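In this note's numbering, the protein residues as written are 1388 to 1619.
The next block holds one structure in the form of structure tokens; read it before the comments.
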């Protein structure tokens, strides 16, 4: 993997698409001082497609090298492309990379950088290697890092009928007492997603524990379940 060439190509393409006014708006929306180019999601996807063709991932070493090279760049859009390399090369997603995914989550430390890794990398690794990945994810629910806890909660989003219900409910219960917005929202999101497939299980959980959870969590979790009583 020619990582210098990859970084140079990405920087050149993103600089050519840069929009300073949009960059300011994007930084304000994300509440960050991290610099943006001001490149739209659609434009960024086109850059990724080109980069993927010119700098293909053919080995596990390529996978890691491409991710870290782009992740180390200061601009957020370059980091987004690093995350695209992380999640779009599905054959490479493996328990072997859980340490790498943890690094991205801890250093990303905001929902736009964390959630893709949580759902599309950690989540896929969990489906593929449940026995090996579950203990790692279970350890994260006790982490002092809120983004690892959030990941432990939402990593089964989109698992549909393959969701480990006990793991989902255990992780929700472990964090119901928290006041952190991103944790409360995560629990509600994970429960709402699962309610598409097992609405009665989620209904029972919400009703049993509604006095322990925030209104935000309850309302988010109950959105797709008919005839739910009001919060408390």
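Cβ coordinates follow ideal geometry from the N, Cα and C atoms, glycine included.
What you are looking at is a predicted structure, and each value in this text was computed from that prediction instead of being measured.
Query raised in the report: Would you say residue 1535 and residue 1489 are within 8 Å of each other, going by their C-beta atoms?
Result: Counted from its first residue, the chain shown places residue 1535 at position 148. Counted from its first residue, the chain shown places residue 1489 at position 102. For the pair residue 1535 and residue 1489, the CB atoms are nearer than the 8 Å cut-off.
Query raised in the report: Taking the C-alpha atoms as reference points, what is the distance between residue 1521 and residue 1454?
Result: Position 134 of the chain shown, counted from the first residue, corresponds to residue 1521. Position 67 of the chain shown, counted from the first residue, corresponds to residue 1454. The straight-line gap separating the alpha-carbon atoms of residue 1521 and residue 1454 is approximately 24 Å.
Requested in this report: Establish whether the CB of residue 1406 and some CB of chain B are separated by less than 8 Å.
Outcome: No chain B appears in the structure shown, which is made up of a single protein chain.
Report task. Let me know if residue 1474 comes out buried or exposed under the rule of 16 or more other beta-carbons within 10 Å of its beta-carbon. Result -> On the chain shown, position 87 is the one that residue 1474 refers to. Per the 10 Å Cβ criterion, buried.
Query raised in the report: If we ignore side chains and look at the alpha-carbon of each, how far apart do residue 1483 and residue 1406 end up?
Result: The sequence position of residue 1483 within the chain shown is 96, counting from 1. The sequence position of residue 1406 within the chain shown is 19, counting from 1. About 38 Å.
Report task. Put residue 1450 into one of helix, strand or coil per three-state DSSP. Result -> Here residue 1450 is taken as the residue at index 63 of the chain shown, counted from 1. It is helical.
Report task. Using beta-carbon positions only, say whether residue 1398 and residue 1435 come within less than 8 Å of one another. Result -> The count along the chain shown starts at 1 and reaches residue 1398 at position 11. The count along the chain shown starts at 1 and reaches residue 1435 at position 48. No. Outside cutoff.
Query raised in the report: Is residue 1459 helix, strand or coil by DSSP?
Result: Within the chain shown, the letter at position 72 stands for residue 1459. The answer is coil: DSSP assigns residue 1459 none of H, G, I, E or B.
**Report entry** Residues of its chain near residue 1414, where Cβ-Cβ distance is below 6 Å and the 5 sequence neighbours each way are ignored
**Finding:** As a position in the chain shown, residue 1414 is number 27, starting the count at 1. Counting only Cβ-Cβ distances below 6 Å, and skipping sequence neighbours, we find 1423.
Query raised in the report: Which residues in the same chain have their Cβ closer than 6 Å to the Cβ of residue 1516, if we skip the five residues on either side of it in sequence?
Result: To locate residue 1516, count along the chain shown from 1; it is residue 129. Cβ contact annotation for residue 1516 (same chain, cutoff 6 Å, sequence separation greater than five): 1482, in chain order.
Requested in this report: Go ahead and label residue 1529 buried or exposed: buried means 16 or more other beta carbons lie within 10 angstroms of its beta carbon, across all protein chains shown.
Outcome: Position 142 of the chain shown holds residue 1529. By the C-beta density criterion, residue 1529 is exposed, having fewer than 16 other C-beta atoms within 10 angstroms.
Report task. List the endpoints of the continuous alpha helix (DSSP H) containing residue 1423. Result -> Along the chain shown, one-based indexing puts residue 1423 at 36. Annotation for residue 1423: no alpha helix (DSSP H) segment contains it, and DSSP assigns it neither H nor E.
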